[in-house]
Every structure is written in structure tokens, then in C-alpha cells.
Amino acid sequence: MQHLVMVIEDEEALALMLKYNLEKEGYGVVVESRGNKAIAEIEKHCPSVILLDWMLPEMSGVDICKLIRSKPDIKNIPVIMLTAKGEEEDKIKGLSAGADDYVTKPFSVPELLARVKTQLRRAPEPTGVKELVFEDIRMDLVEKKVFRGENYIHLGPTEFRLLKMLMETPGKVFSREFLLKNVWGDNIYVESRTVDVHIRRLRKSMNEFGPDYIRTVRATGYAIDINPLSEE
31 MQHLVMVIED
41 EEALALMLKY
51 NLEKEGYGVV
61 VESRGNKAIA
71 EIEKHCPSVI
81 LLDWMLPEMS
91 GVDICKLIRS
101 KPDIKNIPVI
111 MLTAKGEEED
121 KIKGLSAGAD
131 DYVTKPFSVP
141 ELLARVKTQL
151 RRAPEPTGVK
161 ELVFEDIRMD
171 LVEKKVFRGE
181 NYIHLGPTEF
191 RLLKMLMETP
201 GKVFSREFLL
211 KNVWGDNIYV
221 ESRTVDVHIR
231 RLRKSMNEFG
241 PDYIRTVRAT
251 GYAIDINPLS
261 EE
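Start counting the sequence shown at 31; every next residue gets the next number (our numbering).
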């Protein structure tokens, strides 16, 4: 499962640039340029986070944000407003409409990506996504339980979050630094080798009932893979 980011932006060059950089980070991306079509597309795709331009044809980003917050099925989706309006009064207006964050154009791509990651960590599980499955491993995202075949696997909270990150994108190699930021958080200081300790704990628990699907890539990081030949 990929996190899906919806970009609602009518400036084609900017929309394409955002799509390219978000996909490079491993996100799924849907682009919509028409303000009056935005709500229908949000309800259709139920994205993990929305990048919403303030100035759109037919309906403003502020009005779209207000509509998002009024609809039970989509009201909890994080919204980051993109705007050329940098005055404090405008920021207050955007945040009062229900935006979770506010980025003034022109902005740096790394800063925007960091803000997206922050909102994703706070976001609820996407509507309808109740479990992740990889081979004989099943992760129940509602009950916070993991099974291997019919066997229940007891995992600590950190090992659960690590496995969830790996299972969301099978085959993708995650660096230790990426895992530290997205599993432990930016504001918690731990050494990169801490990841190795928790991966070992995860392997010990998971491998009691089946083969090892966690792949170690030397000097890089970890992945969950059907062919997990480790390079240790």
C-alpha cells in the first residue's frame, strides 16, 4: 500500500513538478486542476494528504477546505494549503478554514516533502484500509495485530510500526535514516544502529512460524521481499 497524495493545482508546470517529486519519494499521486471537481475526486480517491492551491478556477481552495471539513467521510484528511498569499491575515484565513498547514509560494521541495511526511504521521489510516498482507503475513490495522498463517505474532509497538512501513511497499529498500524519521519521529534522538536492534527483534518474532522475508542491504537498510537474500 502506498500513501496517496492529491495535488489540487491549476498551474500545470507546478503540478507536474510536485507529482514528479512526490512519486520519487514513493507516494501515489493524483492531480486535479478544477476547483469544482475537487470534492468529487477527493471522495473517489480518499487520499492520505491533500496539497491544495488557494487560487483555483471555479472554486477557491479556502471554500474547498471548508467543504472537506463538513463531510464526515473525508473531514479528517490532512490539508496543506499552497498559496502566493503570505500575509498573516491570509494565513489565519486558510487555517481557520480547516487547513492543517500553510506553505507560501515559492517554496523549496525538500521543505514541502518534510511537511507532507509530518502530516502523514499524524493522519489516520486511509478509509477502507484495514489490513496489509504479504505472503503468509497479515497485519490487522484495526486491532493492531499480526498473524503468520494462523499464528498470532506478538510484537512491540516499535516492531509493529517497522513491519507496517516495510509491508506498505514490498521490495523497496528503506534506509536506516528514513526508518528513524518515520518510525521513531524527528524529535526523538536515537542512533541509527537502534534500527538494527529492532529489526533483529522483529525477525526473531516473525521467523518462528515461517521463512525470513526481511532483506538486509549492506550499508543501506532493509526491505521486505519474497527473495530476501541479505547482504550483511
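Glycine residues also receive a C-beta, built at the ideal position from the N, C-alpha and C atoms. Source: prediction; values computed, not measured.
Inter-residue Cα distance where the pair is residue i and residue j
i, j, result
"K96", "A45", "22 Å"
"F164", "S235", "16 Å"
"I167", "Y57", "23 Å"
"P87", "D170", "41 Å"
"N106", "L150", "12 Å"
"K211", "E55", "14 Å"
"A253", "A144", "22 Å"
"E42", "D131", "22 Å"
"V92", "T134", "14 Å"
"F137", "L112", "9 Å"
"L185", "V109", "32 Å"
"Y182", "E173", "12 Å"
"P241", "R191", "20 Å"
"V213", "T224", "11 Å"
Own chain partners of residue i with C-beta closer than 8 Å, once the 5 adjacent residues on each side are dropped
i, result
"M47", "V139"
"V35", "L52, Y57, G58, V59, V60, P77, S78, V79, I80, L81 and V146"
"K194", "L162, M169 and L171"
"K101", "I69 and E73"
Own chain residues within Cβ distance below 7 Å of residue i, not counting five before or after
i, result
"E53", "V59"
"R99", "K105 and G128"
"D294", "Because the chain is modelled from 31 through 262, residue 294 falls outside the range shown and cannot be assessed."
"S205", "T250 and G251"
"L125", "Y132"
Residue from the options whose Cα sits closest to the Cα of residue i
i, options, result
"I244", "G65, R99 and K202", "K202"
"V247", "L125, D103, D226 and P77", "D226"
"T188", "H228, R206 and S205", "H228"
"I281", "R231, M197, V213 and W214", "Nothing can be reported for residue 281, as the shown portion of the chain is limited to 31 through 262."
"H75", "G186, V37, S90 and K49", "V37"
"T148", "K123, F208 and D103", "F208"
"S90", "K123, D103 and G65", "G65"
Beta-bridge pairing of residue i - partner residues as DSSP gives them
i, result
"S126", "Answer is none; S126 lacks a bridge partner."
"A144", "Bridge partners of A144: none, in fact."
_Contact the region 174 to 188 vs the region 233 to 248: 3+ CB pairs below 8 Å_ = Touching, yes, given that three or more Cβ pairs across the two stretches are closer than 8 Å.
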